[in-house]
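Everything below concerns the one structure shown next.
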Amino acid sequence: MRDLFPGYYQPTEEEFAELWEKCIFSFDTNVLLHIYRYSPKTRERLFDILQKFQERIWIPHQVAYEIHKNRLTVISDQSGAYKEIQTILDKNLAIGALKDPLFKNFKRHPFIDVNKIIEDIELVIKKIEDDLQVKKQAHPNYLESDDLWDKLIAIINGKIGQPYIKDKLKEIHKDAEQRFKDSVPPGYEDAKEKPAPDKYGDVVIWRQLIDYAKSEKKSLIFVTDDNKQDWWLKHDRKTVSPRPELVEEMRTEAGVRFYMYSADRFLDYAQKFLNLSEQPEVIEEAREIRGQDLESKPLLTEQNLSTKEELKKELQIVKEDQALLQIKLKKLQFPFHKSIFGKMEEYDIEEKLINLQRAQRLAEEKLAALE
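For the sequence shown, counting from 1, position 51 maps to 51 in the UniProt record's numbering; every step adds exactly one.
Given below as structure tokens:
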């Protein structure tokens, strides 16, 4: 049965071990551009792993094109964050807006010194703004000198595929339109919101991955923080695995195994595979960065729950799901974790628990607001 429907079965522990020992590693645009989003420690861990896997890395030409195209935008987003934070502070912590209600309601309180409260708030705001300015001044100007880009290019140079000729690209674009109509992954989600030719980007990447895997006769791991359902199989608002259609198409077209990881999972498994020191804070940051880019709405707002009864019902379901996952987590036997690949089930459960805890907080906050 596994041979007939490989996309619906997780690789076995032995298959994962073989995959990591022999596969090609390929990376999506968003992951490579994380070098500008990650903190120095997380960025260095990513570079370290990329360098150690350098001989087994291959980058689709479309990804290489996109990192060049989008690099300046990502740099600008990071350097512009200081101004955006200052705007948020000005809007939400305006001292003038705080003074009136404090003086109006509590000026004559026997034990509350409103002037002291205002003074303390002003000092805290001033410190935050000063710290923000210091960090802004220290922020590297990557438009003038970009050592991060130089380091990345040194790793992937010579590891990039060739572009398709114009006629071949037109043929792929035409095929992509049919795939979009039939909701064949990947890329049909981009068709809803991107103009041509940008909407064809994921399909071009996918075709280049297949072509290279076929020519090299090697299995392939693709690392992406694209969370859309045209890459990932999702159930009950949870990410389960790569889309089965992708696994099966890679097997049919190239005759090799295909698997996918988000950046945080890749970093986690890679540091164990390479026997690197564990850095849980690196994994957590990579997970948070991925979370910032998630396009799916939060569990509760997605359902637009508004009444106390609906919220209480959803909260009860969330708590029951958490309890079941906790039981499942405890049942995992210690020998199961001796292999770094055997840890996948535990990792999946922990991530689901994090999402459920977030959903619980949202439900409790909404309930409190309705009280």
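Cβ atoms here follow ideal geometry from the backbone N, Cα and C, with glycine treated the same way. What you are looking at is a predicted structure, and each value in this text was computed from that prediction instead of being measured.
- Message: Which same chain residues end up closer than 8 Å to S277 when comparing Cβ atoms and leaving out the 5 residues on each side of it in sequence?
- Response: Annotation for S277: Q271 place their beta carbon closer than 8 Å to its own, counting only its chain and skipping 5 residues before and after.
- Task: Decide if L274 is buried, meaning its Cβ has at least 16 other Cβ atoms within 10 Å, or exposed.
- Result: exposed
- Query: Between I172, K104, K135, which lies nearest to K199 when the distance is taken from Cα to Cα?
  - Reply: I172
- May I ask you to report which of helix, strand or coil DSSP gives L220? strand
- Span of the beta strand (DSSP E) holding P242? In the DSSP assignment, P242 falls within the beta strand (DSSP E) that extends over 238-242.
- Could you give the residue range of the alpha helix (DSSP H) that holds W149? Counting along the chain, the alpha helix (DSSP H) containing W149 begins and ends at 147-156.
- Query: Taking the DSSP output, what are the residues bridged to S26?
  - Reply: F222
- CA-CA distance, R290 and G161? 26 Å
- Report yes if the CB atom of I155 is closer than 8 Å to the CB atom of L50, and no otherwise. yes
- Quick one: what's got a C-beta closer than 6 Å to A213's C-beta in the same chain, skipping five residues either side? Taken in chain order, the residues that qualify are L220, A254, V256.
- Query: Tell me, which residues are paired with H235 by DSSP?
  - Reply: K238
- Message: With distance defined between alpha-carbon atoms, name the residue in L19, H68, L362 nearest to K312.
- Response: L362
- Measure the C-alpha to C-alpha separation of E248 and Q54 and round it to an integer number of angstroms. 27 Å
- Message: Just to confirm the assignment: which complete alpha helix (DSSP H) runs, minimum length 4, are found wholly within the segment 119-195?
- Response: 147-156, 166-182
- Counting only the same chain and skipping the five closest in sequence on each side, list residues whose C-beta sits under 7 Å from that of N157. none
- Query: What's the gap between the Cα of E284 and the Cα of R265?
  - Reply: 10 Å
- Under 8 Å, do Y36 and Q78 count as touching if we go by C-beta distance? yes
- Query: Under a Cβ-count criterion, where at least 16 other Cβ atoms within 10 Å of its own Cβ denotes burial, should A191 be classed as buried or exposed?
  - Reply: buried
- Message: Taking the alpha-carbon of R243 as reference, which of D130, R237, Y259, T252 has the nearest alpha-carbon?
- Response: When the alpha-carbon of R243 is set against those of D130, R237, Y259, T252, the nearest one is in Y259.
- Query: Can you tell me the Cα-Cα spacing of L123 and E129, whole angstroms?
  - Reply: Answer to the nearest angstrom: the Cα atoms are 10 Å apart.
- Going by alpha carbons, who is nearest to K52 out of T239, S241, E21, H34? E21
- Who are the Cβ neighbours of L132 in its own chain at under 7 Å, not counting the five residues just before and after it? Y82, I85, Q86
- Message: By the three-class DSSP mapping on this structure, what secondary structure does I57 have?
- Response: strand
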